[in-house]
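Everything on this sheet refers to the single structure shown next.
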Amino acid sequence: MGACMALCSLASCVSCLCGSAPCLLCGCCPSSNNSTVTRLVFSFFLLLGTLVSIIMILPGMETQLQKIPGFCQGGSTIPGVENQVNCDVIVGYKSVYRMCFAMACFFFVFSAVMIRVRTSKDPRAAIQNGFWFFKFLILVGITVGAFFIPDGTFNNVWFYFGIVGSFMFILIQLILLIDFAHSWNEVWVRNSEDGDRKGWFFGLLFFTILHYALAFAAVVLFYLYYTKPDNCTEHKVFISLNLIICIIVSVVSILPKVQEHSPQSGLLQSSLITLYTMYVTWSAMTNNPNRACNPSLLSLVSNISSSAEPTPTSTPGTVQWWDAQGIVGLVIFLFCTFYASIRSSSNTQVNKLMQTEEGKGSGVEGEVGEDGLRRVVDNEEDGVTYSYSFFHFHLFLASLYIMMTLTNWYMPDTTTQAMLSSMPAVWVKICSSWLGLALYLWTLMAPVVLPNRDFS
Numbered sequence: 001m002g003a004c005m006a007l008c009s010l011a012s013c014v015s016c017l018c019g020s021a022p023c024l025l026c027g028c029c030p031s032s033n034n035s036t037v038t039r040l041v042f043s044f045f046l047l048l049g050t051l052v053s054i055i056m057i058l059p060g061m062e063t064q065l066q067k068i069p070g071f072c073q074g075g076s077t078i079p080g081v082e083n084q085v086n087c088d089v090i091v092g093y094k095s096v097y098r099m100c101f102a103m104a105c106f107f108f109v110f111s112a113v114m115i116r117v118r119t120s121k122d123p124r125a126a127i128q129n130g131f132w133f134f135k136f137l138i139l140v141g142i143t144v145g146a147f148f149i150p151d152g153t154f155n156n157v158w159f160y161f162g163i164v165g166s167f168m169f170i171l172i173q174l175i176l177l178i179d180f181a182h183s184w185n186e187v188w189v190r191n192s193e194d195g196d197r198k199g200w201f202f203g204l205l206f207f208t209i210l211h212y213a214l215a216f217a218a219v220v221l222f223y224l225y226y227t228k229p230d231n232c233t234e235h236k237v238f239i240s241l242n243l244i245i246c247i248i249v250s251v252v253s254i255l256p257k258v259q260e261h262s263p264q265s266g267l268l269q270s271s272l273i274t275l276y277t278m279y280v281t282w283s284a285m286t287n288n289p290n291r292a293c294n295p296s297l298l299s300l301v302s303n304i305s306s307s308a309e310p311t312p313t314s315t316p317g318t319v320q321w322w323d324a325q326g327i328v329g330l331v332i333f334l335f336c337t338f339y340a341s342i343r344s345s346s347n348t349q350v351n352k353l354m355q356t357e358e359g360k361g362s363g364v365e366g367e368v369g370e371d372g373l374r375r376v377v378d379n380e381e382d383g384v385t386y387s388y389s390f391f392h393f394h395l396f397l398a399s400l401y402i403m404m405t406l407t408n409w410y411m412p413d414t415t416t417q418a419m420l421s422s423m424p425a426v427w428v429k430i431c432s433s434w435l436g437l438a439l440y441l442w443t444l445m446a447p448v449v450l451p452n453r454d455f456s
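Counting in this note's numbering, the sequence shown runs from 1 upward without gaps.
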């Protein structure tokens with residue numbers, strides 16, 4: 001009997017993976033809305049591709065592949081495929097470029113197909129919320145095909161695609177952080193007012209001070225280690241300008257006029273944005289090809305950054321994503337990807353920027369089946385809770401951002417086959433920090449500048 005039930009459960013899961021329904025009556029899915037489950041599964045595809053990229057770029061992978069008899073030596077032939085296995089393509093930065101190219105193509109196609117889907121009654125909604133097994137096969141097929149792309153100018157062209165896409169994704173990260181900070185502040189303020197519980201208020205105060213303290217400490221370290229008295233003028237400008245702008249937006253967030261129109265704004269949001277801006281500033285400075293202004297983390301830890309010849313961040317031709325900048329970038333990426341999959345914001349301006357609806361479809365409970373489990377429900381019959389097309393475009397940009405993060409934003413050199421630091425990466429990150437601060441300032445000033453519009 002137990003084996004029979006297991007087989008039925010397996011059959012139910014298979015039909016859920018292969019059918020057009022979004023797991024509406026599938027017992028193997030969690031009790032949630034189909035809009036949330038769909039976003040989580042697509043995000044899982046992205047995270048799976050990221051994990052594969054990390055494995056491919058790990059040191060020693062090419063050595064391990066060469067141990068397989070007849071696989072790499074002399075370029076062995078895979079049965080049924082005329083091309084030869086080139087192990088320096090399936091590992092290292094070339095593999096990351098191809099893996100992320102496949103993911104970007106996958107999500108871009110879905111972004112184009114899902115334009116102007118309004119409700120789950122649209123036939124395209126069935127493709128969005130179901131057929132997971134076939135979508136996985138499509139992603140695998142695109143990935144396999146991507147590894148047969150000849151080098152040529154592919155790496156260089158795709159690098160500039162990555163630069164532009166990452167610029168846009170950094171802005172989306174900032175919007176998600178603004179939304180998270182607004183939601184965080186709203187919940188904790190409400191909790192502190194209910195029952196006069198001051199612990200929540202002191203918690204807000206603690207994290208606000210902590211964010212500003214970390215940002216101030218970062219600024220001091222930037223001036224100490226990433227500037228020189230007679231050098232590094234760009235870094236001095238970057239640090240000083242971003243510090244001044246962060247102070248301005250912090251002051252603006254607590255102005256009486258702003259508080260009158262946007263009582264939910266406050267220093268918690270400004271402190272988090274300030275800390276994120278300092279991270280982007282640091283990330284930009286670590287890509288400066290001028291090694292005198294860009295000491296390695298190892299040199300900072302060992303107190304030798306003031307020596308005449310600082311240790312380079314990496315050996316030319318190698319990619320080491322696991323430095324501090326890459327790890328922090330990966331952690332922020334994971335947080336923002338997960339948050340984008342489950343968010344249901346009450347902030348109107350952020351919803352307009354992210355093309356989502358305010359709390360639409362929330363609070364819907366699924367039907368309870370005979371086995372006592374609550375099913376995933378279709379909460380989008382009257383209208384989608386998020387833009388399908390924009391969500392996939394966001395994952396498309398995330399694929400490009402991951403590619404740049406795992407390769408340290410280095411530029412491929414077609415002549416030496418090396419990866420080199422480049423000023424374009426520096427300017428892209430700095431400009432994204434400026435535009436991001438401008439967006440945050442607009443969320444503060446818009447209700448004041450446009451009093452006739454509803455920003456509640």
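For every residue, glycine included, the Cβ atom is placed at its ideal position computed from N, Cα and C. Fair warning: this is a prediction, and the values are worked out from it, not measured in the lab.
Any idea what DSSP makes of LEU444, helix, strand or coil? helix
In terms of alpha-carbon separation, which member of PHE180, VAL113, ARG98, SER183 lies closest to ILE142? For ILE142, the closest of PHE180, VAL113, ARG98, SER183 by C-alpha to C-alpha distance is ARG98.
Span of the alpha helix (DSSP H), counted from its first residue to its last, around VAL164: 154 to 193
Which of helix, strand or coil does DSSP assign to MET56? helix
Give the straight-line distance between the Cα atoms of SER167 and VAL252, rounded to the nearest whole angstrom. Checking the sequence shown, residue 167 turns out to be Phe, not Ser. Approximately 26 Å, taken between the alpha carbons.
Per-residue DSSP class, three states only, for TYR410: coil
Tell me whether ASN156 is buried or exposed, calling it buried when 16 or more other Cβ atoms sit within 10 Å of its Cβ. exposed
Nearest to PHE107 (by Cα), restricted to the options THR286, LEU395, VAL384, THR405: Checked all of THR286, LEU395, VAL384, THR405; the closest Cα to PHE107 is LEU395.
Per DSSP, what kind of secondary structure is LYS500 in: helix, strand or coil? Residue 500 lies beyond the range of the chain shown here (1 to 456); nothing can be said about it.
With three or more beta-carbon pairs closer than 8 Å as the criterion, would you say the region 183 to 200 touches the region 442 to 454? Of all C-beta pairs linking the region 183 to 200 to the region 442 to 454, fewer than three are shorter than 8 Å, placing the two stretches out of contact.
Leaving out the 5 sequence neighbours to the left and right, which residues in its chain are closer than 6 Å to LEU204 when beta-carbon positions are compared? TRP188, LEU268
I need the DSSP call for CYS26, collapsed to helix, strand or coil. Reliability of the predicted coordinates at CYS26 is poor, the pLDDT of 49 falling under 50, and the value obtained from them is presented with this limitation in mind. CYS26 falls in the coil class under three-state DSSP.
Should PRO263 be labelled buried (16 or more other beta-carbon atoms within 10 Å of its own) or exposed? exposed
CA-to-CA distance, VAL328 to LEU505, given in whole angstroms: Outside the displayed span of the chain (1 to 456) sits residue 505, for which this structure offers no information.
Would you check if the distance between the CB atom of ILE273 and the CB atom of TYR440 is smaller than 7 Å? In this structure, the beta-carbon distance from ILE273 to TYR440 falls below 7 Å.
Delimiting residues of the alpha helix (DSSP H) encompassing GLY130: Where GLY130 is concerned, there is no enclosing alpha helix (DSSP H), given that its DSSP letter is neither H nor E.
To the nearest whole angstrom, what separates the beta carbons of TRP225 and PRO295, a pair I think is in contact under 8 Å? The sequence given here has Tyr at residue 225, not Trp. At roughly 6 Å, the Cβ-Cβ gap stays under 8 Å, so TYR225 and PRO295 are in contact.
Check each candidate in ASN33, SER95, VAL37, VAL41 and name the one with the smallest Cα separation from VAL52. SER95
What three-state label does DSSP hand TYR386 in the structure shown? strand
Spatial distance of THR50 from LEU255 (CA atoms): 43 Å
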